[in-house]
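K.L.:
Read top to bottom, the protein sequences are chains Z, F, B and S. Note that the numbering used here has the first sequence beginning at 4, numbered continuously upward. Note that the numbering used here has the second sequence beginning at 1161, numbered continuously upward. Note that the numbering used here has the third sequence beginning at 6, numbered continuously upward. Note that the numbering used here has the fourth sequence beginning at 258, numbered continuously upward. Note that CB positions come from ideal geometry on N, CA and C, so glycine has one too. Please read all numbers here as calculations on a predicted model, not as lab measurements. Would you mind keeping the following structure in view while I ask a few things?
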Amino acid sequence: MTSYRLDKGGLIDRSTALRFTFDGALHVGHQGDTLASALLANGVTLMGRSFKYHRPRSVITAGAAEPNALVELREGGRKEANTRATMIELYDGLVSKSQNNWPSLDFDVGALTSLASSVFVAGFYYKTFMWPKSFWEKIYEPIIRRAAGLGTASKLPDPDKYEKSYAHCDVLVIGSGPTGLMAALAAARQAKRVILADESSRLGGSLLNEQEEIGGTSGYEWTQGVIAELGSMPNVTLLPRTTIMGWFDGNIFGAVERVSDHLRVPDPYEPRQRYWKIHAKRAVLAAGAEERPVAFGGNDMPGVMTASAMRTYANRYAAAAGRSVVVFGGNDSIYRTARDLKSHGIHVEAIVDSRKESKADAAGTPVLRGALVADAVGGKAVKSVHLADGTHINCEAVAMSGGFSPIVNLACHRGKKPVWDAKLLAFLPPDNGEAFTVAGSAASRMLLSECLADGAAKGAVDGKPITVPKCRDEAFAISPLWWVKESHGKAFIDYQNDATAKDLPLAAREGYSDVELAKRYTTTGMATDQGKLGNINAIAILAEATGRTMDEVGTTTFRPFYTPVSFGAFTGPFTGHHFQPVRKTPLHDWAEEQGAVFVETGLWMRSSWFPREGEDWLASASREVLNTRGAVGICDVSTLGKIDVQGKDAGQFLDRLYCNTFSTLAVGKARYGLMLREDGIVYDDGTTSRLAEDHYVMTTTTANAAKVMAQMEFAHQALFPDLDVTYVSVTEQWAQMAVAGPKSRPTLQKLMDELVMTDESVPYMAALEVSIMGGIPARLFRLSFSGEHAYELAVPADYGSMVARAVMQAGDEFGITPYGVEALSIMRIEKGHVAGGELNGTTTAGDLGMGKMVSAKKDFIGRMMAQREGLTDPNRQAVVGIRPVNPADRIRAGAHLLKQDDTPSMKNDQGYVTGVAWSPMLDMWVGLALFANGRARHGEIVQVWDGLRGHRVMAEICDPMHFDKENKRLHA
Amino acid sequence: MLIPCPHCGTRPVEEFTFLGDAAPTRPTTNDPSTMEAWYEYVYLRNNPRGAIEEYAHHSGGCRSWLVVSRNTETHEVFGAVPARDFTRAKGAKA
Amino acid sequence: MRYNVFSLIKNSFSGHKNWEPAWRDPVPQKEYDIIIVGGGGHGLATAYYLAKEHGLKNIAVLEKGWLGSGNIGRNTTIIRSNYMLPGNNPFYEWSMKLWENLEQDFNFNAMVSQRGVLNLCHTDAQRDAFARRGNAMRIDGVDAELLDREAVREMYPFFDYENARFPIKGGLLQKRGGTVRHDGVAWGYARGADSRGVDIIQHCEVKGIKVENGKVVGVDTNRGLIKCKKLGLATAGNSSETAKMVGMRLPMESHVLQAFVSEGLKPYIDGVVTFGAGHFYVSQSDKGGLVFGGDIDGYNSYARRGNLPMVEHVIEAGVAMIPSLSRVRVLRSWGGIMDMSMDGSPIIDKTHIEGLYLNAGWCYGGFKATPASGWCFAYTIAKDEPHKLNAAYRLDRFKTGHMLDEKGQGATPNLH
Amino acid sequence: MPETAHMTERTFNRVSPLQDVALQGRFGADKGAVGVTFTVRHPMSIITVIARAGQGAATAAALKGHDAQWAGPDQYFVLAENRGEGALYRELKAKLSGLASVSDQSHGRVIIRLVGPRARAVLAKGTPVDLHPDAFPLGKSALTQMAHVGVHLTRVGADSYDVSVFRGFSESFWEWITEQAEEFGYQVI
């Protein structure tokens, strides 16, 4: 054996040669290897450095619980930190780097912290770095932050894709070892819809790692038969490379399928990972058991690993952890470990069995009974071990086994705690009922025959059981083995966080004896493996230190995620511009033709301004205003919410929704309405038109359309269910355009099929159904947000752009212009109309100057609470207009208002500017503000205080209506 | 969490919007003497640890308001009825 | 024993075997002058300031679980004072000032780190709202800066500026905002209170409140009746359940808020940043984990755990803000129970029962308030009247219509 | 409705919001048969019918013979191809007078049809509804969400589904759903 690759055996394809690098060094492995097994086979045992002391580390496990062998995988935007080498399937061209070391993994300056490790005990940082005060942020903390952390994350966008999917099944089986395969088979043969998921690259679980016999053949051969049968059944979905990472309410399981992580880059059209939400009627947890390390000195040294890991590397990956091995533990599994290793030609120096007696067969290996490994000796690799009795044994590796912890994590994600079994020396899963059962070694069934039978039983709870194959069982007996106190060196409990066995008694001594406090104080169990290996040892040590039993100490809380999940998986395809859907109006194409600049308004894209050459937004918007007020303009207002309200009680229903009255509205007319919340605060506003006796169409603001719809549904269904009314959003059915300005009527007249537009036929606030352009059904409203003689024309959406073009053509002779929301906003501020800045969820009808609209004659939502003293106080801030004393001055939204001579302070604060606009009509900045007792203070000169932007001007409080106070233009 | 929508069948929580306890009843008069009752209706909640009947809007589905029976401590869901039926039943009892 | 580098080195020579407990594990006495229910941040801070500021001695803190097992131990560690309403702003700024001197005050390194809190904006309306807020801060002497897009890009060049659905337009920065090691706050206050004679009694659950003639006289606990003259309730998350013991219904609902931490990384993001077009905020702990959160799950809950839809919702927003997060892994999620009040603001007040005081309704803003909350609650209990800093946090404000609604969402607790 | 009546219905040039988006051709994985075939059903008549109080059964009965898809309690989408502008709306409004509210949504929604062996897998990437034939048989409709967008989903064949979304979201939704089909290979006809 020149390398550490065994001459034969293993589930690797020796005909392949996969080239990969680790810290720049080129190595070769085989298909079927993990990065960890390939490194071991190449004789590379130093794989990383620990968090605090920068101790040299190698693999401790061969699986998902690995705390030590974390690497930076891939490069550029695909770089991922902290990837467990034990879970990385080797591929040709793999690039990996060690982490948390400088200048190199082999020579790491950070390891100097080990010299001061007697100071750097658990929680030391809470006791120091406090003097001098300023040093914490300037000196201590930056050093700590640089030293802490593990890998370096990329700051480049991820080029790969991710996907999400739902799945439904009758039975979800988690884990595909002997238990899981039997459970899946039993359920599948009953024609249940089955999903079988396993985190490993191949199904088979421990049967891929161990030397077993089932049904007269090898465990591996047996898995191949079962997997083939399952694979042929249409009711079965097999999900290898899929980690079930959480169990949630409703028996919903979160899972991540690593679709392409075993490839250098994903295939075209394939995602890197797929996130599954699995709705399972029933689930069986067959996740197996985690072997626990033993706390002895140097139990973190490269070469020391769990016994099952060492077996797995030999059996599955044909990789030897060392040429000569000491096997140490307190249960019978150490004997099969020695046997397996020997079968591969690895020399086992001795079995060190902490128990004085054991019936297990050592098959010729020397056994030291009642003995303990106290320290591993070496540095970057094990050279020997010292036993507690002083015996010294040379070896290259140590296989350790403190026992087995059932992998109960998922079964505890919904709050129940595992239960200690003093005989089995394990925390058993809690009872979660039929919907989620635990089987096999995850339920502490330690014999293969028990696992097969348990899987078969729990896979099919009803109907005919399937036959359980015969198998060879390995005897199993266990005694406690947690911490070898005779150790001289550091004995690690939490490898990654460098929490040692001595840290726990210290925590207890200082008052942090509750398991949760001890965890937080020592950071035990807070590393990327979340205590999968070490927490059990911590509990045992804490129990002893405080004179409690294991169950009195108890576990910390098991929480999602079973293993860490990439942000990308949870994000799926909703990245970048696809974060949220884009909503386009029916006039979008037309607006684009007109050169619109669009702005995000909620999910909508609205046309904001329509610049001509050389214009910035202000120049464009100003021109649009002047053009509209001077002649005619057209604006896309399709985003306003439109709700069809029909039924015998439609008017009555609207009366309940709005603070003013709609049941009295004449057919063919529109009315402005103000809607309150039940707490008396204004919710929304808009016009509602009556198209027929039993048919209204409501409009809402763009921002509140969905909320208002939900409020209506609530009001009807939960509050007033006996009203005969229906309502449905028709927002998207209609393309709606405002046509405003003195030439709006002659412009629109050209489109009308029959209607002759006059003040009599289309009076102010008219709402008519009309026919345009040779038969297109349309709705014509004489409404005005701009303050001009204006209309809103609604046409079925597919005709929207066509009609808008026709309006443009019709208005051409008048010099029509498209205008956007910027111009709209300027005109509304000129006119003192309230919008989002004033409808801010804290203003009352009175604050907005609409107190008179509030009916006292009927019940409506918000009526009673609006009467509270705090909402009727005259000193409340009310909407006012504001304009600079010096017309050359600019005021800005968000500036606060102070009395003329007051100094800035919150006590002196009188209100703030809610919205401003450069008024091209008035040739100055004007605004609206919320101002204490505002309506009584028109004419007052105030400071507009904008300390945030270093700006302060004097301004006059005035009527909100800055322009055309008599509303003459409306009727012009 | 799965909610058994009486109209759509069982759907997951992501399709629903919640509005809290359905126990408070909107007073039926606007008489000034009922201010206290209105205040309690709008602001005070039992906020139980355990069983609750709560408003849920199937906003990502049929848009019906439901009253869901659920345990706030375990998130166990017992059932759901249309809010309309719940309100009528409450009215009938009163 | 004072904590400093010398005591640390000295103890290292004796194998750290001579450290005194940070707090005693006392047997409850039969009677106290003041009992605080809830051994979380606010309760412990209250006891600390009662002892320190008001010279009171005979005080107990009763905690049903372990010390700091509530929201003090499960929040995302952010401190800031970027409020805008007159009832809120001075209170939170006082809290910030207490944070700035806290560690020297209680001799415990809680790692107060003023790394800056940046709120991003993505629309003109948001920027106007930030201007209003920033000016409300500045007008009272609180630091605030309004940044434009390029200034944000300079701070965080790896955010999405090119392909974003909702482009970043700027942000509101409070440089004095930052993070504090949350457990350290609980432990520092506990140790400080204990050293001033306060009995901190863990695993002592209050089952009932004894009221005689309209006056509090004690509490029934799983360790028997404990008498008191004054009783302060600081049981956020469970406030309604505690108040029920005296027949009170509160204006709040309990909701679960999830929080998350990523695997440890080398320095990635320096300050605290809040996304403005979705529910996501993030900072990086000294240990290297990205600590982040978003919104409450939305349904009433006393379970300290949430569900996947909110996990997705939060992380989608995270990647929208920082595309490279895609390959970072989230390690752990957990949940805390929030008192979601009817206006998003808390209550620190007396009650209609003599000697009974209420500290509740913190929504998900309780951590940053810890020092001022304890300080004001201690004042309110000691003086039997609110301090002017917590004068607006009245229980009856909903009845009178004096809500403190920063977000303008009204009486819908899950929208605050 | 007799054929002659249709002859008098007026039609105008309706522009689908997907006109320049749903381009014909084969896309995504290019080996083997396509997994999904997409069609935009346009122009369509789509009418929302909501029964008035107590008229649920009568409304359902009156809709017999129409392509009426369930769209909520006592609510339907009534669909038809090749009808003139507003024709089906007027017809139903007359027919259901007093029984139900009728609102024209013909322009407000866009229907995308998916046909093919992988159509179900594509939809499962969006909706939590279990589309197994036992749970979602032919003719069944569901209101649900996909990719943050509310949809109305109907099984119209063994491996065929109609998905209807609000017009304004249709382009965004199209981008999402076709991307989900890339791994299977898809065509647009």
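(1) Determine whether the Cβ of V1202(F) lies closer than 8 Å to any Cβ atom of chain B.
(2) List the whole-angstrom C-beta distance separating C454(Z) from G436(Z), where the pair is believed to meet the contact cut-off of C-beta under 8 Å.
(3) Name the DSSP bridge partner or partners of V297(S)?
(4) Looking at the strands, I want to know which residues DSSP matches up with H282(Z).
(5) Can you tell which of L900(Z), G178(Z), E92(Z) and G852(Z) has the C-alpha that lies nearest to the C-alpha of A289(Z)?
(6) From R879(Z) to A1216(F), what distance separates their C-alpha atoms?
(7) Out of V731(Z), S764(Z) and V919(Z), which one is the CA nearest neighbour of L827(Z)?
(8) Just the Cα atoms here: how many angstroms apart are L842(Z) and D727(Z)?
(9) Rounded to whole angstroms, what's the CA-CA distance from G13(Z) to G257(Z)? Just pull it up for me.
(10) Mapping DSSP to helix, strand and coil, what is D682(Z)?
(11) Put K234(B) into one of helix, strand or coil per three-state DSSP.
(12) If you measure between the beta carbons of I481(Z) and N334(Z), is that distance less than 8 Å?
(13) Would Y1007(Z) and N412(Z) qualify as a contact pair, given that the criterion is a beta-carbon distance under 8 Å?
(14) Skipping 5 residues on each side, what residues in its chain have a beta carbon closer than 7 Å to that of S267(B)?
(15) Can you pull the chain F residues whose beta carbon is under 7 Å from the beta carbon of R866(Z), in chain order?
(16) With 9 Å as the C-beta to C-beta threshold (strictly closer), list the residues of the segment 31-61 of chain Z near chain B in chain order.
(17) Going by DSSP, name the residue or residues bridged to M257(B).
(18) Evaluate the contact criterion for the segment 660-677 of chain Z versus the segment 615-632 of chain Z: three or more CB pairs, one atom per stretch, below 8 Å.
(19) Using a Cβ-Cβ cutoff of 9 Å, what residues of the segment 249-262 of chain Z are near chain F? List them in chain order.
(20) In chain order, which continuous runs of the beta strand (DSSP E) of length 3 or greater are located wholly inside the segment 367-392 of chain Z?
(21) Using alpha carbons as the reference points, say which of V401(Z), G654(Z) and S789(Z) lies closest to F966(Z).
(22) Where DSSP assigns a beta bridge to I301(B), which residues make up the other side?
(23) Measure the beta-carbon distance from D16(Z) to R52(Z) and round it to whole angstroms, keeping in mind my assumption that it falls under 8 Å.
(24) Taking C-beta to C-beta, are G863(Z) and R659(Z) nearer than 8 Å?
(25) Using a beta-carbon distance cut-off of less than 8 Å, what residues from the segment 1218-1237 of chain F approach chain B?
(26) Report whether the distance from the Cβ of A308(S) to the nearest heavy atom of the ligand NAP is below 7 Å.
(27) For a contact meaning CB atoms closer than 7 Å, what does L400(S) contact in chain F?
(28) On the criterion of 16 or more Cβ atoms from any shown chain inside 10 Å, does A1254(F) qualify as buried, or is it exposed?
(29) Just how far apart, CA to CA, sit C4(B) and I39(B)?
(30) Can you round the beta-carbon distance between F96(B) and A377(B) to whole angstroms, since I take them to be within the 8 Å contact cut?
(31) If we count the other Cβ atoms within 10 Å of its Cβ and call it buried at 16 or more, is S306(B) buried or exposed?
(32) Specify whether the segment 378-390 of chain B and the segment 271-281 of chain S touch according to this definition: at least 3 beta carbon pairs, one from each stretch, less than 8 Å apart.
(33) Tell me the DSSP secondary structure of L420(B) in three-state form.
(34) Starting from the beta carbon of G329(S), find every residue of chain F whose beta carbon is closer than 8 Å, and list them in chain order.
(35) With a cut-off of 8 Å, do at least 3 Cβ pairs link the segment 127-137 of chain Z to the segment 104-118 of chain Z?
(36) If you drop the 5 nearest sequence neighbours on each side, which residues of the same chain put their C-beta closer than 7 Å to that of A357(S)?
P.N.:
In short, the structure shows the following:
(1) It does; some Cβ of chain B falls within 8 Å.
(2) Actually they do not touch by this definition, with Cβ atoms about 22 Å apart.
(3) I369(S)
(4) Note: H282(Z) sits in a beta bridge opposite H171(Z) and I255(Z).
(5) For the residues L900(Z), G178(Z), E92(Z) and G852(Z), the minimum Cα distance to A289(Z) belongs to G178(Z).
(6) Their Cα atoms are separated by approximately 35 Å.
(7) V919(Z)
(8) The alpha-carbon separation between L842(Z) and D727(Z) amounts to approximately 31 Å.
(9) 32 Å
(10) coil
(11) strand
(12) Taking a C-beta distance under 8 Å as the contact criterion, I481(Z) and N334(Z) qualify as a contact pair.
(13) Chain Z is shown only over 4 to 975; residue 1007(Z) falls outside these bounds and no answer can be derived.
(14) G294, L295, V333, R334, V335 and L336
(15) N1190
(16) Correct list: F54.
(17) Listed as beta-bridge partners of M257(B) by DSSP are S346(B).
(18) When Cβ pairs closer than 8 Å are counted between the two stretches, the segment 660-677 of chain Z is seen not to touch the segment 615-632 of chain Z, the count staying below three.
(19) Listed by position, the residues of the segment 249-262 of chain Z near chain F (Cβ gap below 9 Å) are F251, D252, G253, N254 and I255.
(20) Secondary structure within the segment 367-392 of chain Z: the beta strand (DSSP E) runs of 3 or more consecutive residues, fully enclosed, are 370-372, 376-381 and 385-390 (chain order).
(21) S789(Z)
(22) I301(B) is bridged to L262(B).
(23) Not really, about 32 Å apart at Cβ, beyond 8 Å.
(24) For the sequence presented, residue 863(Z) should be read as Phe rather than Gly. Contact: yes.
(25) Listed by position along the chain: R1230, T1232, E1233, T1234 and H1235.
(26) As far as ligands go, the structure on display features none, and thus does not contain the ligand NAP.
(27) C1168, G1221 and C1222
(28) Exposed, because fewer than 16 other Cβ atoms sit within 10 Å of the Cβ of A1254(F).
(29) Nothing can be reported for residue 4(B): it is not among the residues displayed for chain B, which extend from 6 to 421.
(30) 5 Å
(31) Flag for S306(B) reads buried.
(32) no
(33) Correct three-state label for L420(B): helix.
(34) H1167, C1222, R1223 and S1224
(35) No contact exists between the segment 127-137 of chain Z and the segment 104-118 of chain Z.
(36) V306, I307, A308, R309, Q312 and T316
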